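Colleague:
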Amino acid sequence: MTAPPLQASPGAGAPSRSDVTRRPGGADLRPLSASPTRTSSWRQWRIPLTLIALIVLGGVVSALISRLVPPPPPNTYLDPASSAPDGSRALSDMLGERGFTVVRADSAASALAALRSGPESASSGRGPATLVITSPFLLTSAQRIRLGHASADLFVVEPGSAALAALAPGVIAEHNSAGGFGRLLLPQCDLAAARLAGSANLGGYTYRAPASAARCYPVHSSPSMVRYATAQRTITILGGGAPLTNVELADNGNAALMLNLLSGQRRIVWLIPEPPLAPIASRPGQGGRPGPVLIPWAAWLIVIQLAIATALVAGWRARRLGPLITERLPVVVRASETVEGHGRLYQSRRARGRAAAALRGAMLRRVIPALGLVMAAPEAAVTAALADRSRLGRPEIARIVYGPAPTTDAELVTLARSLDQLEREVRAQ
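The sequence shown begins at 1 in my numbering and counts up one residue at a time.
(1) Which one or two residues does DSSP pair with V157 in a beta bridge?
(2) Between the Cα of V61 and those of I304, A370, A428 and G315, spot the shortest distance and give me the residue it belongs to.
(3) Spell out a yes or no on whether the region 207-222 and the region 244-253 are touching, meaning 3 or more CB-CB pairs, one atom from each, closer than 8 angstroms.
(4) If you run the structure through DSSP and keep just helix, strand and coil, what is V247?
(5) Does the region 405-414 come into contact with the region 351-358, if we say contact requires no fewer than three beta-carbon pairs (one atom in each stretch) closer than 8 angstroms?
(6) Can you give me the C-alpha to C-alpha distance between V293 and I268, rounded to a whole angstrom?
(7) If you count every other CB in all the chains shown that lies within 10 Å of the CB of W270, and 16 or more means buried, which is it?
(8) From what residue to what residue does the beta strand (DSSP E) around V132 run?
(9) For the beta strand (DSSP E) containing M225, name the first residue and the last one.
(10) L412 by DSSP, collapsed to three states: which one?
(11) Go ahead and pull the three-state DSSP assignment for A162.
(12) Taking 9 angstroms as the threshold (C-beta atoms), are A377 and I368 in contact?
(13) Can you confirm whether the region 186-196 touches the region 145-158 when touching is taken to mean that 3 or more C-beta pairs between the two stretches lie within less than 8 angstroms?
(14) Between the Cα of P136 and the Cα atoms of P187, E274, A255 and L49, which residue gives the shortest distance?
(15) Locate the alpha helix (DSSP H) running through N260, then write down its first and last residues.
(16) Can you grab the Cα-Cα spacing for the pair V313 / S141, in whole Å?
(17) Does the region 252-266 come close enough to the region 89-104 to have 3 or more Cβ pairs within less than 8 angstroms?
(18) Taking contact to mean at least 3 C-beta pairs separated by less than 8 angstroms, is the region 142-151 in contact with the region 111-118?
(19) Using a Cβ-Cβ cut-off of 6 angstroms (strictly less than) and excluding sequence neighbours within five positions of A84, which residues of its own chain qualify?
(20) Should V365 be labelled buried (16 or more other beta-carbon atoms within 10 Å of its own) or exposed?
(21) What's the C-alpha gap between L238 and Y217?
(22) Taking buried to mean at least 16 other C-beta atoms within 10 Å of its own C-beta, is L422 buried or exposed?
(23) Among N252, L49, V226 and D420, which residue has its Cα nearest to the Cα of R183?
(24) With 16 other CB atoms within 10 Å as the buried threshold, where does R344 fall?
(25) Whole angstroms are fine: how far does the CA of L359 sit from the CA of D409?
(26) Should A250 and A90 be called a contact, given that it needs their Cβ atoms to be closer than 9 angstroms?
(27) Are A197 and L262 closer than 9 angstroms when you measure CB to CB?
(28) By DSSP's criteria, C216 is part of a beta bridge. Which residues make up the other side?
(29) Measuring straight from C-alpha to C-alpha, what distance separates R394 and A380?
(30) Taking the C-alpha atoms as reference points, what is the distance between R46 and L57?
(31) Can you tell me which of I302, A428 and L373 puts its alpha carbon nearest to the alpha carbon of I65?
(32) Please classify V103: does DSSP put it in a helix, a strand, or coil?
(33) Can you tell me which of the three DSSP states D420 falls into?
(34) Ignore the nearest five residues each way along the sequence and tell me which others in L419's own chain have a CB closer than 6 angstroms to its CB.
(35) What separation, rounded to the nearest whole angstrom, lies between the Cα atoms of G372 and L392?
(36) Would you tell me roughly how many angstroms separate the C-alpha atoms of V426 and A385, rounded to the nearest one?
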């Protein structure tokens, strides 16, 4: 904030640009060195260096924590290679003993590649294999769309509304009964694969399907298993994955039901979506059954580190905000130097419009009180009052005072002279 300049002493001579700096009393000052001292340099750089050191330290700590945190257990749910209770190794072995080829895939891209690399099926109008999709909630919408267009029969386990929209558009998810997974249910449908298997441990999601679809194992009149055929494939939807697990496969008619449903094609591509490394959490809406979440712990560490860095930067910048301090200038600053500095700034930025507005506004503030008007007076009133005291006509005065901004430096100089001449005429009256 610029403070009012001190007045020079009566006996002091007017300093020029080449003169040395003078005190208000006229004593000479020696020029100060422009190079900062070691102390001032440290004060200038200590806060940025401290922030950089803290950010680096936070990154090192985050890396150490990520190494110390044990890796999350693998996703074994319905994995054909897993012998865990919730895996499907037993069903995979049974299919292999009966001549089926089970290909495990851990990503949508690898599943599509396995489908393309397999031998073509002899059956006309259907895909060369059956694509089993477990945990479809771990897939992105783009992956679901790509899998939905794959040339293969679909066998989808526990799909929600988002997965059904891409994989089986004709089916709608109705309910997801928490605690209803693995419920012993009767087929209550005409599908031969379900009727021959008998009761099975299904439940979980229930669906609303077209009348042409087979709707089996209902829960409160809504089926938990749906199967229907299209022109390209057969689509099978299970509301619960209990019949596929190692612990439930041997119970009731679970094994028979799975073998009957998966016997359409000799080649089975089994997709187990692998999410990023993350702790095991609950799958959405399925009563605490384990399933990996999508945000890994390392990502949270990065977010925490960025939050700390943001808080430090905010604190650093907040220290500079405070009340303005008025300080008396140690030297006399000529008004002409200030005007010249402003003019050079306007010229360097080609701000002719702003310079013209400043000249016009300054002239009006000086002459309007002499006209008996106020600054808020309309342009017409000001123009009429100026015309009464000048030899110029109203159009010429309106062009000078309220006209467009000059486009060249010469026009700006001409405008300044016109304003000065108009002010002298008004004040002379």
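Don't be surprised by glycine CBs; every beta carbon is placed ideally from N, CA and C. The structure displayed is predicted, hence computed values, not measured ones.
Modeller: Looking at the coordinates:
(1) As a position in the sequence shown, residue 157 is number 157, starting the count at 1. For V157, which the question treats as bridged, DSSP gives the partners L238.
(2) Position 61 of the sequence shown, counted from the start, is the residue given in the question as residue 61. Looking at the Cα atoms, I304 is the closest of the given residues.
(3) no
(4) On the sequence shown, residue 247 is found 247 positions in, with the first residue counted as 1. Reduced to three states, the DSSP call for V247 is coil.
(5) yes
(6) Against the sequence shown, residue 293 aligns to sequence position 293. Against the sequence shown, residue 268 aligns to sequence position 268. Residue confidence for V293 is low, a pLDDT of 48 falling below 50, so the modelled location carries little weight and cannot support an answer.
(7) For the purposes of this step, residue 270 is taken as residue 270 along the sequence shown, with counting starting at 1. It is buried - the Cβ of W270 has at least 16 other Cβ atoms within 10 Å.
(8) Locating residue 132 in the sequence shown gives position 132, counting from the first residue. That run of the beta strand (DSSP E) goes T130 to I133.
(9) By 1-based counting over the sequence shown, the position of residue 225 is 225. M225 -> beta strand (DSSP E) spans S222 to A229.
(10) Numbered from 1 along the sequence shown, position 412 holds the residue referred to as residue 412. Looking at L412 - three-state DSSP - the assignment turns out to be helix.
(11) Counting from 1 along the sequence shown, the entry for residue 162 is found at position 162. Here A162 sits in helix by DSSP.
(12) For the purposes of this step, residue 368 is identified with residue 368 of the sequence shown, where counting begins at 1. For the purposes of this step, residue 377 is identified with residue 377 of the sequence shown, where counting begins at 1. In this structure, A377 lies closer than 9 angstroms to I368 by Cβ.
(13) no
(14) Counting from 1 along the sequence shown, the entry for residue 136 is found at position 136. Per the Cα distances, E274.
(15) Counted from its first residue, the sequence shown places residue 260 at position 260. Start and end: N254 to L261.
(16) The sequence position of residue 313 within the sequence shown is 313, counting from 1. The sequence position of residue 141 within the sequence shown is 141, counting from 1. Approximately 38 angstroms, taken between the alpha carbons.
(17) yes
(18) yes
(19) Position 84 of the sequence shown, counting from 1, holds the residue named residue 84. Counting only Cβ-Cβ distances below 6 angstroms, and skipping sequence neighbours, we find T76.
(20) As a first step, residue 365 must be located in the sequence shown, where it is residue number 365. Correcting the residue identity first, residue 365 is Arg in this sequence and not Val. Label assigned to R365: exposed.
(21) As a working mapping, residue 238 is identified with position 238 in the sequence shown. As a working mapping, residue 217 is identified with position 217 in the sequence shown. Answer to the nearest angstrom: the Cα atoms are 10 angstroms apart.
(22) In the sequence shown, counting from the first residue as 1, residue 422 sits at position 422. Per the 10 Å Cβ criterion, buried.
(23) Translated into positions along the sequence shown, residue 183 becomes position 183. Closest option to R183, Cα to Cα, is N252.
(24) As a working mapping, residue 344 is identified with position 344 in the sequence shown. Exposed, since its Cβ has fewer than 16 Cβ neighbours within 10 Å.
(25) Position 409 of the sequence shown holds residue 409. Position 359 of the sequence shown holds residue 359. Answer to the nearest angstrom: the Cα atoms are 14 angstroms apart.
(26) Counting from 1 along the sequence shown, the entry for residue 250 is found at position 250. Counting from 1 along the sequence shown, the entry for residue 90 is found at position 90. Result yes, Cβ atoms of A250 and A90 sit closer than 9 angstroms.
(27) Numbered from its first residue, the sequence shown carries residue 197 at position 197. Numbered from its first residue, the sequence shown carries residue 262 at position 262. In this structure, L262 does not lie closer than 9 angstroms to A197 by Cβ.
(28) Within the sequence shown, numbered from 1, the residue matching residue 216 stands at position 216. According to DSSP, C216 bridges with M225.
(29) In the sequence shown, the residue the question calls residue 394 occupies position 394. In the sequence shown, the residue the question calls residue 380 occupies position 380. Rounded to whole angstroms, R394 and A380 show a C-alpha spacing of 9 angstroms.
(30) In the sequence shown, residue 46 corresponds to position 46, counting from 1. In the sequence shown, residue 57 corresponds to position 57, counting from 1. In a straight line, the C-alpha of R46 is about 16 angstroms away from that of L57.
(31) Start at 1 with the first residue of the sequence shown, and residue 65 comes out as number 65. Of I302, A428 and L373, the residue nearest in Cα terms is I302.
(32) The residue you call residue 103 lines up with position 103 of the sequence shown. Strand at V103.
(33) Taking the sequence shown and counting its residues from 1, the one referred to as residue 420 is at position 420. If DSSP states are grouped into helix, strand and coil, D420 belongs with the helices.
(34) Position 419 of the sequence shown holds residue 419. Closer than 6 angstroms at the Cβ level, and outside the excluded window around L419, lie L359 and M363.
(35) Working through the sequence shown from its first residue, we reach residue 372 at position 372. Working through the sequence shown from its first residue, we reach residue 392 at position 392. Using only the alpha carbons, I get a separation of about 20 angstroms.
(36) By 1-based counting over the sequence shown, the position of residue 426 is 426. By 1-based counting over the sequence shown, the position of residue 385 is 385. Answer to the nearest angstrom: the Cα atoms are 9 angstroms apart.
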